[in-house]
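Below is one structure, written out as structure tokens; comments come after it.
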């Protein structure tokens, strides 16, 4: 049974091209978990995944858009993104730390995010 000590210190760099966050990933047989650190006002672009994700907020606050609905999450909140749900996140006025799981597991370097087409590709959190 491995113990991954101080995952937060295992920063592997930018989480993905569609998000302004750094991450450290661990891949299990069935689930991937990532520790994310995002600066204040950091964000992701609208996207979706073919896998299921859970986000557990440790520090800071998030504004979240999921399928056109805008919500806010605080430390201790657990957010679920179902496969195919278009979503985006934005840190509020302080840095954010969160844990994110993906199931089924995926290789750390392979990003399985899809950019939606049409109006769903437009940010609801950062209108232009």
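Residue numbers (this note's numbering): 1226 to 1353.
All C-beta atoms in this analysis are idealised placements derived from N, C-alpha and C, irrespective of residue type, glycine included.
Since we're looking at a predicted model, the values are computed, not measured.
Secondary structure within the region 1236-1279: the beta strand (DSSP E) runs of 3 or more consecutive residues, fully enclosed, are 1239-1241, 1244-1252 and 1257-1263 (chain order). For residue 1328, the beta-bridge partners assigned by DSSP are 1277. The closest CA to that of residue 1243, considering only 1274, 1284 and 1328, is found on 1274. The three-state reading of DSSP puts residue 1347 in coil, since its state is none of H, G, I, E or B. Relative to residue 1330, the option among 1312, 1258 and 1268 whose CA is nearest is 1258. Selection 1339, 1319, 1344 and 1327 evaluated against residue 1253 yields 1327 as nearest (Cα-Cα). In the structure shown, residue 1290 falls within a strand segment according to DSSP collapsed to helix, strand and coil. Between residue 1350 and residue 1313 a beta carbon distance of about 6 Å is seen, short of the 8 Å cut, so the two are scored as contacting. Taking 8 Å as the cut-off, the beta carbon of residue 1246 is found no closer than this to the beta carbon of residue 1260.
Within its own chain, the residues whose Cβ lies closer than 6 Å to the Cβ of residue 1251, once the five positions on either side in sequence are excluded, are 1229 and 1258, listed in chain order.
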